[in-house]
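Under the working numbering, read the sequence shown as residues 410 to 772, first letter to last.
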Amino acid sequence: MTARSVSEPSQTAAVRWWLLSVAALIAIMVLVGGATRLTESGLSIVEWKPVTGTLPPLTEAQWTEAFEGYKKIPQYRELNAGMTLHEFKTIFWWEWSHRLLGRVIGIAYLLPFLYFLWRGAVGGELRKRLWLIFGLGALQGAVGWWMVASGLSQKVEVSQYRLAVHLILALLIYSAIVWTLRRLADRPPNPAPPRLKITALLLLALTFLQLYFGALVAGLRAGKAYNTWPEIDGAFIPSAGRLFFEQPWWRNLFDNTLTVQFEHRMTAYAVLALAILHAIDVVRSRVGGEAIAGAWWLVAAITLQATLGILTLLNQVPIDLALSHQAVAIVVLTLAVLQVERLLPRRHKVGRPKLAMPVGQPG
């Protein structure tokens, strides 16, 4: 056995651990972002300084300057007038932590990636995919500031449209990393009927749609209204006049608090129903124990997620339940991605790590 053949598995393991660590950091980042939103902290830093903003205020004068900047925006004047410097520091630390974690993720991704490229540890297709993920991560930083900027001049909060884009892009990056991790693992072919692949893909698409609606709910604070279940606004299905009173009609899908919460509820029912049908079909199709287990784990996670959603609504969005709801949403998305990956065929292997000595080193 050559040194190269011994080293290749270790290189593969190193790439997997790296991607797993980045995925975990992104999941934490999403939860910190959720806490930032729930504590109304996202507008506490009114400047975007990618490099110098890494350091928080270190002196009383710097804290006062940061606070004075916050006092100039509508959120302070209309919602937090009279806030003390101590209270400002609380919301500042949430937003600063969120931004710092974004920088940490960028470094944790880029530096090992460059090292693996230098070592020749990623092949052609994998290299392209990882560069794409890096590009999406860079875009996410710009989208984050684009979101914050929407609440600095005329509104007391960020745009729910931009908030939803920010969240979905983060989860898209997370899903791409999870998918890549699975594609690095060897597994036997799993021939599945086309309908199972279609329902798994549809489940993943509906999960993303539900996450998007959830972001709109958060952006509009819609969870603090209509805090009854299963009825909403006095009925299981509210009147059309209440759901579509804004013009043009499609604006209700994004701006009407009642409509946004209603579509979030209905999509949850659809996701759960489809997940159960998919699991039953997987069992009947006998496509393998891993796919069967994955399908039922997905049903269990969606059921837990729906239960947490209902409790969060009934209790008017306490931060502990809201963050638990968001954490299980990440679990649901992970399981949905894994189910699609295990049912779809692999056209060819993702580029495997290969030990290549850097230029100038003895081989």
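Heads up, the beta-carbon is just placed ideally off N, CA and C, and yes, glycines get one too.
Residue i burial status per 10 Å Cβ neighbour count (16 or more: buried)
i	result
Phe645	exposed
Leu744	buried
Gln656	exposed
Glu504	buried
Thr716	exposed
Thr637	exposed
Thr473	exposed
Arg660	exposed
Leu467	exposed
Gly643	exposed
Val737	buried
Val692	exposed
Gly650	exposed
Val531	buried
Val460	exposed
Beta-carbon spacing of residue i, residue j below 9 Å
i	j	result
His507	Gly442	yes
Leu488	Met438	no
Leu429	Ile728	no
Gly755	Arg592	Strictly speaking, residue 755 in this sequence is Arg, with Gly absent from that position. Yes.
Phe476	Leu452	no
Val427	Phe543	It is worth fixing the name first, because residue 427 is Trp in this sequence and not Val. Cβ atoms of Trp427 and Phe543: not closer than 9 Å.
Thr616	Leu742	yes
Ala573	Gly632	no
Leu576	Tyr635	no
Ala731	Ile711	no
Phe501	Ser450	yes
Pro483	Gly560	yes
Gln748	Ala679	no
Ala614	Ala700	no
Ala517	Leu434	yes
His673	Val746	no
Val424	Ile514	no
Separation of residue j from residue i, as counted between CA atoms
i	j	result
Leu652	Phe671	9 Å
Val587	Ala709	20 Å
Pro603	Leu707	19 Å
Leu681	Met556	31 Å
Ala677	Leu620	10 Å
Arg596	Leu581	24 Å
Gly553	Arg695	44 Å
Tyr485	Met492	8 Å
Ser835	Leu578	With the chain covering 410 to 772 only, the question about residue 835 has no answer from this structure.
Ser568	Ala624	11 Å
Ile454	Leu541	29 Å
Gly478	Glu566	16 Å
Leu481	Ala444	Inspection of the sequence shows that residue 481 is occupied by Lys rather than by Leu. C-alpha separation (whole angstroms): 24 Å.
Asp664	Lys564	14 Å
His734	Thr499	23 Å
Pro767	Leu520	A caution first: Pro767 carries a pLDDT of 43, below 50, which makes its placement in the model too unreliable to give a value.
Leu548	Ala702	36 Å
Opening and closing residue of the alpha helix (DSSP H) in which residue i lies
i	result
Glu566	Run containing Glu566: none; DSSP gives neither H nor E here.
Lys458	Here Lys458 belongs to no alpha helix (DSSP H), and DSSP marks it neither H nor E.
Ile739	Ile728 to Leu752
Val669	Thr666 to Ser694
Ile516	Leu494 to Trp527
Val557	Gly533 to Ala558
Trp658	Run containing Trp658: none; DSSP gives neither H nor E here.
Gly703	Gly698 to Leu723
Leu488	Pro483 to Leu488
Check: What are the uninterrupted segments assigned as alpha helix (DSSP H) that are 4 or more residues long and contained completely in the segment 592-643, given in chain order?
Finding: 603-629
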